[in-house]
Amino acid sequence: MEELAQVVVDVPTMQTNQPYTYAIPAEFRERLTPGMRVVVPFGKGSRVIQGFVVGFINQSDYEGELKAITSIVDLYPVLNDELLDLSAWLAQLSFAFRISVLQTMLPNVMRAKYTKYVRVIDEIDEDVLFSIFHGQDEIEFDEAQMEPATVSKLLDLRKHNQVEVSYQVGNRARVKTTLGIQPLLEFEAYEEERAGLTKTAAKQSTLISYLQTLKPTDVIAKKTVSEVTGLSDAIITTGEKKGWLAKVPMETYRDPMKDYDIQATTPLELQATQAEALAAINAADGTAKTFLLEGVTGSGKTEVYLQAIANVLAEGKTALMLVPEISLTPQMMRRVRGRFGAAVAVLHSGLSDGERFDEWRRIERGEARVVVGARSAVFAPLENIGLIIMDEEHETTYKQDENPRYHARDVAAWRSAYHNAPLVLGSATPSLESRARAEKGVYELLLMPNRINNHPMPTVQVVDMRQEIINGPESNFSTDLLAAIQDRISKGEQSVLMLNRRGFSSFVMCRDCGFVLECPNCDIGLTLHMDTKSMKCHYCGHEEAIPHQCPNCQSNAIRYYGTGTQKVEQELQELIPGAKIVRMDADTTRKKGAHDKMLTAFGNHEYDILLGTQMIAKGLDFPDVTLVGVLNADTSLGLPDFHAAERTFQLLTQVSGRAGRADKLGEVFVQTFNPEHYAIKLAQMHDYERFFRTEMQMRHAAKYPPYYFTIKIQASHAEEREAALKMSQVGRWLKNQLGTDAIMLGPTPRSIARINNRYYYQIVLKYRQPEELDAALSELLERAQSEAKHGLQLSIDREPLSFM
DNA sequence: AGCACGCCGACT
DNA sequence: GTCGGCGTGCTC
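As structure tokens, then:
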């Protein structure tokens, strides 16, 4: 009886979304284990592709002849049993292909790169040999790069068996090496060498002494040797020539924090509520219990996390700490690194592919035992996890909005159950789902209602912008806010101003005829970008010149409308001429490190005012900021989405937390056209509990989560008719599958119906029995497969965060 | 995804 | 008659 490998192949389609059985050549049998990547022949031409071994079986019921694995890519499995199991579960949960999930779990560089080659195997025309092959017998076959005529000539040659096409699976993962040196002689042998030196050869003697301190197996980086001994490269090279040492390549890690100045930190003393929370978490050690740590901004959640991590590390376990991308600031990383040193690995989007790969390897080898990272870090290959923390658990960035559409919270819960490790969800403004679960006793609620040292919460003023408009000229700044900013400048204190830009942008509109400049591909207004002096589409990247004349009525009264950070900065500069303003938005922070630089400069009082978008709302901590202004609280309130109130409340609460964290009292101004809205009023009163109850009633009445599950089904096609037609078919079919308590909304065209010349239609389902629906939805995806050939794309999004 | 098989229109 | 269009189905 022969063992066979089950391989998930790198072909992301519905029909290939299953393991294929391959024979294992005898020479691989000892080495191959599940979780390794392999190269296998697949399909008619037996082109080679990458696959993941997910298991072994003894017998296959496949009728045809089994092919054999071509080669093994990895020396050690890149995915352990846990992650393999997780991938199967997650693929099903998120309606994604298993291969997509497996790829998502690994650093980018481990994704296979395929190259196609054509090789001459018969006599061919000399002209062709020169013009296409440049005299070589094999060239890369890149159809996208080649002339169409060349491609068809090559296909023709292949048909006549004059050339053959082959495929190669490339591995982009590169291990970085530096030069190291290794001693080659024994202590006595070195003494003899020393005796043979002339009296003037002091440096060589130093080198010998150094080499004598090493063990024969030691490999020391050449750089280190130079630093320790003060010897130059020339001497080391002499040592090599004389046979004292060997230069060997040493594997090194690209350290994303190498430029950081890390100061060791020690545990801080805890307040009573912090100590209670920590005790509860520590007591849950070894059980898959979920906590909701609801602590106001400034209550010291991070310190609780760090001490809880220290506790599991002391038991020889590992810890995973998830934070939103935006909180992965250098300050935060310094704090964690300062506490746990080299045991910490960080994973975030700012890393280069190489750095990410190296951090991943440090985790995989067990060298890093604490992982801090954004969403995808939830797949970190840690063994023996003792604790999982998810900070700011309500953050929307934990949900991936492309395939596989998973929520990191679900993955964290799965891993918590697998490892019998507690999961701590932390937030000042928990998501309704989580808070509701705590209410039902599914999660244990830990409350930290007080700020450290009982700093009072800042006072929040709600400014009614409707009155402002009546009383004066249109402006982004109310009289009160402006006065407050000026007051701070005169006192040498700092202000943070936030422009809420969710679903909002500045666009060009004709004052005479109302014409709005739109993207030719996407049906949405183009956004004005002053830095490039152009109009850009936020969806497809289309760019064109700023119009000076209305294309519709030729009027010159075409100008921009709405508010961008640049425009606000300009206005503020005019209103307060001497103010030093630093603007932080997606444009100014695009460059690597720009973010950190600006914040550091602001922290050093180089500026009076920090003006920015949502990104400034999270986790920044400046002691001299005593004023926070939210310029337009409404833009997130007006979204056509049931999350609107929740998002607004979260944002206002979070940004309020930026004011007055030290001994100085903070003040917050919220400008709004909806001063009576409960999300704004309750944020003003720092009353999460009442917001939770109010919002729960709204959700209950409207049959939305957490009372109902939601699913968004989206279809897109280049032809609007096709997309609409298909979706109504889907709608009719689904109706028959749904139980009586399920509600179907749509199909409707998406609010931005056309993106990149594709038309989008969607159906939203609200339902209570997930089991029944899941089967129907899986079937739907399978049925949609045949339509995919006709240009129809269908996607299913469980618990979508946007319904737009 | 990529390849082969297969069944209908315009040509060496 | 056949060469080749791309619609359909399969890949261990």
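Here the first sequence stands for residues 725 to 1528, where the numbers follow our numbering.
We put the beta carbon where it would ideally sit given N, CA and C, even for glycine.
Who does residue i pair with in a DSSP beta bridge?
i: Ala-1303; result: Paired residue(s): none; Ala-1303 is not in a bridge.
i: Arg-1482; result: Ile-1479
i: Pro-1473; result: Tyr-1485
i: Phe-1015; result: Val-1148 and Glu-1168
i: Gly-904; result: Ala-945 and Val-972
i: Val-764; result: Ile-773
i: Met-1468; result: Leu-1489
i: Cys-1234; result: Ile-1282
Thinking C-beta only, is residue j closer than 8 angstroms to residue i?
i: Arg-1492; j: Ile-1435; result: no
i: Leu-1156; j: Glu-1370; result: yes
i: Pro-831; j: Val-778; result: no
i: Thr-943; j: Met-974; result: Here residue 943 is Val; the residue named in the question, Thr, does not match the sequence. Cβ atoms of Val-943 and Met-974: closer than 8 angstroms.
i: Lys-1260; j: Leu-1250; result: yes
i: Asn-782; j: Asp-846; result: no
i: Leu-826; j: Val-732; result: yes
i: Gly-677; j: Gly-1381; result: Outside the displayed range of the chain (725 to 1528) lies residue 677, so it cannot be described from this structure.
i: Arg-882; j: Val-889; result: yes
i: Leu-1505; j: Leu-1518; result: yes
i: Leu-1017; j: Ala-1043; result: no
i: Ala-1067; j: Ala-1092; result: yes
i: Thr-1359; j: Asn-1200; result: no
i: Leu-1334; j: Glu-1293; result: no
i: Leu-799; j: Phe-776; result: no
Going straight from the alpha carbon of residue i to that of residue j, what length do you get?
i: Gln-730; j: Phe-1366; result: 44 angstroms
i: Lys-966; j: Lys-900; result: 28 angstroms
i: Pro-1180; j: Ala-1152; result: 15 angstroms
i: Arg-1482; j: His-1514; result: 13 angstroms
i: Ala-1207; j: Leu-1361; result: 26 angstroms
i: Lys-837; j: Leu-1375; result: 41 angstroms
i: Val-691; j: Gly-1090; result: Given that the chain is displayed from residue 725 to residue 1528, the structure contains no residue 691 and the question cannot be resolved.
i: Gly-1317; j: Thr-1377; result: 27 angstroms
i: Gly-1302; j: Gly-904; result: 56 angstroms
i: Trp-1138; j: Val-1454; result: 32 angstroms
i: Glu-910; j: Arg-1099; result: 51 angstroms
i: Leu-1252; j: Val-1392; result: 29 angstroms
i: Gln-739; j: Gln-1509; result: 8 angstroms
i: Leu-957; j: Ala-945; result: In the sequence under discussion, the amino acid at residue 957 is Asp, which differs from the Leu named in the question. Looking at the two C-alpha atoms, the distance is approximately 12 angstroms.
i: Asn-1280; j: Asp-1332; result: 37 angstroms
i: Ser-1526; j: Leu-1351; result: 31 angstroms
i: Val-735; j: Asn-741; result: 8 angstroms
i: Ala-1512; j: Ala-1160; result: 39 angstroms
i: Gly-1306; j: Gln-1408; result: This sequence places Val at residue 1306; Gly is not what is there. Straight-line Cα distance between these residues: approximately 26 angstroms.
i: Val-875; j: Val-842; result: 11 angstroms
i: His-1329; j: Thr-1337; result: 20 angstroms
i: Tyr-1431; j: Val-1166; result: 15 angstroms
i: Asp-1417; j: Tyr-1402; result: The sequence shown places Arg at residue 1417, not Asp. Roughly 11 angstroms separates the two Cα atoms.
i: Ile-959; j: Gln-906; result: 14 angstroms
i: Gln-936; j: Glu-912; result: 9 angstroms
i: Gly-1227; j: Glu-1116; result: Because the pLDDT at Gly-1227 is just 43, under 50, the model does not fix this residue reliably, and the value given afterwards should be weighed accordingly. Approximately 22 angstroms, taken between the alpha carbons.
i: Thr-1183; j: Ala-1368; result: 24 angstroms
i: Lys-971; j: Ser-1440; result: 58 angstroms
i: Gln-1486; j: Thr-1464; result: 21 angstroms
i: Met-725; j: Ile-748; result: Any answer about Met-725 is weak, because its pLDDT of 45 lies below 50 and its placement is not dependable; what the coordinates show is given next. The alpha-carbon atoms of Met-725 and Ile-748 are separated by roughly 12 angstroms.
- Message: Tell me whether the segment 760-777 and the segment 854-861 touch, counting them as touching only if at least three CB pairs, one residue from each stretch, are closer than 8 angstroms.
- Response: In short, these stretches do not touch, since the Cβ pair count stays below three.
- Item | Cβ pair count under 8 angstroms reaching 3, the segment 1137-1144 against the segment 988-1002 | No, they do not touch.
- Inspect the CB distances between the segment 1064-1080 and the segment 998-1017 and report whether three or more fall short of 8 angstroms. no
- Message: Please give me, in chain order, every unbroken run of the alpha helix (DSSP H) with length at least 4 that falls completely inside the segment 838-890.
- Response: 850-855 and 872-883
- Task: Can you check the segment 1430-1461 for any alpha helix (DSSP H) of at least 4 residues that lies completely inside it and give the ranges in chain order?
- Result: 1444-1461
- Query: Which ranges does the beta strand (DSSP E) cover as unbroken runs of at least 3 residues, wholly within the segment 1171-1227, from first to last along the chain?
  - Reply: 1183-1188 and 1218-1222
- Query: What are the start and end residues of each continuous beta strand (DSSP E) run of 3 or more residues lying completely inside the segment 1019-1106, in chain order?
  - Reply: 1042-1046, 1068-1071 and 1094-1097
- Which ranges would you report for the beta strand (DSSP E) in the segment 922-990 if only whole runs of at least 3 residues count? 969-976
- Go through the segment 1369-1422 residue by residue and report every complete run of the beta strand (DSSP E) that reaches 3 residues or more, in order. 1391-1396
- Message: Three or more C-beta pairs under 8 angstroms: does that hold for the segment 857-876 against the segment 908-927?
- Response: In the pairwise beta carbon analysis, the segment 857-876 is classified as not touching the segment 908-927: fewer than three pairs are separated by under 8 angstroms.
- Message: Any contact between the segment 1104-1115 and the segment 1489-1504? By contact I mean 3 or more CB pairs, one from each, below 8 angstroms.
- Response: no
- the segment 1053-1064 / the segment 1122-1136 touching (three or more Cβ pairs under 8 angstroms): no
- Task: Quick one: which unbroken alpha helix (DSSP H) runs of 4-plus residues sit fully inside the segment 789-824? Chain order, please.
- Result: 805-817
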